[in-house]
Amino acid sequence: MNTGIPVIKTVDLNLFYGDFHALKDVNIEVTGNRITSIIGPSGCGKSTLLRVFNRINDTIEGVSVKGKAYFEKTDIYHHSCDIDLLRRKVGMVFQRPNPFPLSVYENVAFGLRVHNQAGGAELDGIVEESLRSVLLWNELKDRLDDSALDLSLEQKQRLCVARLVAVKPDVILLDEPCSTLDPMATMKIEELMVELKKKYTIIIVTHNMQQAARVSDDTGFMLLGELIEFGKTSAIFTSPEKKETEDYITGRFG
Amino acid sequence: MTRHFEEELNELKERLLYMGSLVEAMIQYSIKILVERKEELAKDIKKHEEDVNHIQVEIDEICLKLLALYQPTAGDLRFITSAMKINSDLERMGDQAVNIAENSLDLLKEPPLKPLIDLPKMADIVKNMVKDCLDAFVSKDPELAGKVLQTDDQVDKFKDDIFKELLVYMSQDSNNISRAMDLILVSRNLERVGDHATNIAEDVIFMVSGKDIRHHLLETKE
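Protein sequences, first through last, are from chains A and B.
The numbering used here puts the first residue of the first sequence at 1, with every later residue one more than the last.
The numbering used here puts the first residue of the second sequence at 1, with every later residue one more than the last.
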């Protein structure tokens, strides 16, 4: 729910991969029930920033962090932070759809079983509700026992979102969610994002600037590890304040 | 490396400037018909008007194509949307020049009502506004555009003064009415040309800075 306090916030956040300074003094505040996009050239740190929010970066060796990152009131990098809970509340969808080699039903039920959140009829209900929320139910209700690997790419990506939604997250992180999809499938995923923001806070990293312009409410532009500019998408794409932003979005960068 | 897109933007700018030069000439000629009684310039105005109409359609086509094919953003987007607006302002200016020429041709059929004093001064100011707003567009100069905005008040004052003066002529002798009306219409059309130059100046300021200053929007925002 939008309570006025930022759902995700960083304060002078710095991140290093060994000696490499990947994020430099990033200060960002992401508001609830909005779609926030992070754009920037390859290697600018946008995926790294996204991966801070649910500490997926922890899986990479040699990562160190200075500064603060918060999910609501939780200090993400404090030793007391419950990482399993954080990852349930802040879920992630990746570039390539990555369903488990299980049935459609079991993919959606997976998180609930792991977290012991539901069973039996209740589980059936949540699976149905989750598939409905990603507009897959009508397509797949008679194929729940089929392998998820037999779905189309776009259906797989939706299924991955359904898998997240099932464990009732607050924030959905999407890392290039449409880069392997064709334009029609991309459009469907974009429609889905707009639908999902009523309930969730969505942060998307994308190379596709038109996608950022189409779907997001706020946009951040990153360059060489710094957050150069952050503001309303409509302002960033019509009258950006920083020359670097202008150069990048008009294709004059580099 | 020059990108294809930038070449097309430059081409758009060139077309717009060429159109601007035609419109400037039309205004110049229309005033000359009146002040120097050069009837023969009416032909040139007619020719220019056809060209201007043709270019107006062409510029809109270029802009639509650029928007559809490149989905421009930021400065490029502001440039193209401004170009579309400047395009229609220029075309309207051309129409005003045609109106001025028609009124002037009517006036040439009779002896002058009075020596023309204010009208040529007003015409000079308006011609400069047109030149300045186009120069501001070329050089992306918001200060020059601001100067155009300030000049508009002088033009409005001329229009009012000319109207009052000619009202006296009309009330003195009904034979003056037709010629006085033509002169009033000329000043009215010149004033409209000034308004279009003002619009262009506002578009230039938006194009360069991203700030919309129309209708004093800035005073009410924030």
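All C-beta atoms, glycine included, are put in the ideal place defined by N, C-alpha and C.
Just so we're clear, the structure is a prediction, and the values are computed from it rather than from any experiment.
8 Å Cβ cut-off: residues of chain B touching residue i
{"i": "S290/A", "result": "Limits of chain A in this structure are 1 at one end and 254 at the other, which puts residue 290/A out of reach."}
{"i": "F237/A", "result": "T73, A74, L77"}
{"i": "T255/A", "result": "Chain A is shown from 1 up to 254; residue 255/A falls before or after that span and cannot be answered."}
{"i": "Q210/A", "result": "Q71"}
Where residue i falls: helix, strand or coil (DSSP)
{"i": "N98/A", "result": "coil"}
{"i": "M1/B", "result": "Confidence in M1/B is poor, its pLDDT being 42 and thus under 50, which makes the residue's placement unreliable; the coordinate value appears in the next sentence. In this structure, M1/B counts as coil in the three-state DSSP scheme."}
{"i": "M1/A", "result": "Low local confidence applies: a pLDDT of 47 at M1/A is under 50, so the model's placement there is unreliable, with the coordinate-based value given in what follows. Three-state result, M1/A: coil."}
{"i": "K232/A", "result": "strand"}
{"i": "K9/A", "result": "strand"}
{"i": "H21/A", "result": "strand"}
{"i": "D132/B", "result": "helix"}
{"i": "F71/A", "result": "strand"}
{"i": "F137/B", "result": "helix"}
{"i": "P112/B", "result": "coil"}
{"i": "C63/B", "result": "helix"}
{"i": "Y77/A", "result": "coil"}
{"i": "F53/A", "result": "coil"}
{"i": "E24/B", "result": "helix"}
{"i": "Q71/B", "result": "coil"}
{"i": "K242/A", "result": "coil"}
{"i": "D51/B", "result": "helix"}
{"i": "S88/B", "result": "helix"}
{"i": "K38/B", "result": "coil"}
{"i": "R214/B", "result": "helix"}
{"i": "R192/B", "result": "helix"}
{"i": "K43/A", "result": "Sequence inspection shows Gly at residue 43/A; the Lys mentioned does not correspond to that position. Correct three-state label for G43/A: coil."}
{"i": "D82/A", "result": "coil"}
{"i": "E58/B", "result": "helix"}
{"i": "R252/A", "result": "coil"}
{"i": "I205/B", "result": "helix"}
{"i": "I200/B", "result": "helix"}
{"i": "N10/B", "result": "helix"}
{"i": "I117/B", "result": "coil"}
{"i": "E61/A", "result": "coil"}
Supposed contact pair residue j and residue i - C-beta distance, whole angstroms, cut 8 Å
{"i": "G255/A", "j": "V11/A", "result": "What the structure shows of chain A is the stretch from 1 to 254, and residue 255/A is not part of that stretch, so it cannot be assessed."}
{"i": "F110/A", "j": "R55/A", "result": "Actually they do not touch by this definition, with Cβ atoms about 20 Å apart."}
{"i": "F230/A", "j": "A213/A", "result": "Actually they do not touch by this definition, with Cβ atoms about 15 Å apart."}
{"i": "V63/A", "j": "L15/A", "result": "7 Å"}
{"i": "A69/A", "j": "V104/A", "result": "Contact doesn't hold; Cβ gap of about 34 Å is too wide."}
{"i": "V93/A", "j": "V171/A", "result": "V93/A to V171/A, Cβ: 11 Å. No contact."}
{"i": "A180/B", "j": "L105/B", "result": "Rounded, the Cβ-Cβ distance is 16 Å, inconsistent with contact."}
{"i": "A166/A", "j": "L112/A", "result": "6 Å"}
{"i": "T198/B", "j": "L149/B", "result": "6 Å"}
{"i": "V52/B", "j": "V23/B", "result": "6 Å"}
{"i": "G225/A", "j": "K9/A", "result": "At roughly 18 Å, the Cβ-Cβ gap does not stay under 8 Å, so G225/A and K9/A are not in contact."}
{"i": "R45/B", "j": "V98/B", "result": "A small correction: the amino acid at residue 45/B is Ile; Arg does not occupy that position in the sequence shown. Indeed they touch by this definition, with Cβ atoms about 6 Å apart."}
{"i": "D218/A", "j": "L50/A", "result": "Not really, about 14 Å apart at Cβ, beyond 8 Å."}
{"i": "M207/B", "j": "F79/B", "result": "6 Å"}
Partner residues on chain A for residue i, Cβ-Cβ distance less than 7 Å
{"i": "L210/B", "result": "Before going on, a small fix: residue 210/B reads as Gly here, not Leu. Result: T238, S239."}
Residues that DSSP places opposite residue i in a beta bridge
{"i": "N14/A", "result": "K66/A"}
{"i": "D218/A", "result": "T36/A, K232/A"}
{"i": "I204/A", "result": "S37/A, L174/A"}
{"i": "E29/A", "result": "K9/A"}
{"i": "L223/A", "result": "E226/A"}
Chain-ordered chain B contacts of residue i [CB-CB under 7 Å]
{"i": "E246/A", "result": "A74, G75"}
Distance cut-off 7 Å: residue i Cβ against heavy atoms of the ligand ZN
{"i": "F137/B", "result": "Summarising the ligand content, the structure contains no ligands, and the ligand ZN is consequently not present."}
4 or more residues per run - each alpha helix (DSSP H) lying fully within the region 172-202 of chain A: Fully enclosed alpha helix (DSSP H) runs of no fewer than 4 residues occupy 183-196 of the region 172-202 of chain A, in order along the chain.
Write down every uninterrupted run of the alpha helix (DSSP H) in the region 87-174 of chain A whose length is 4 residues or greater and which is fully enclosed by it, in chain order. Counting only unbroken stretches of 4 or more residues, the alpha helix (DSSP H) elements lying wholly within the region 87-174 of chain A are 104-114, 120-133, 137-140, 153-166, in sequence order.
Taking the runs of the beta strand (DSSP E) that are 3 residues or longer, which of them lie wholly in the region 153-183 of chain B? none
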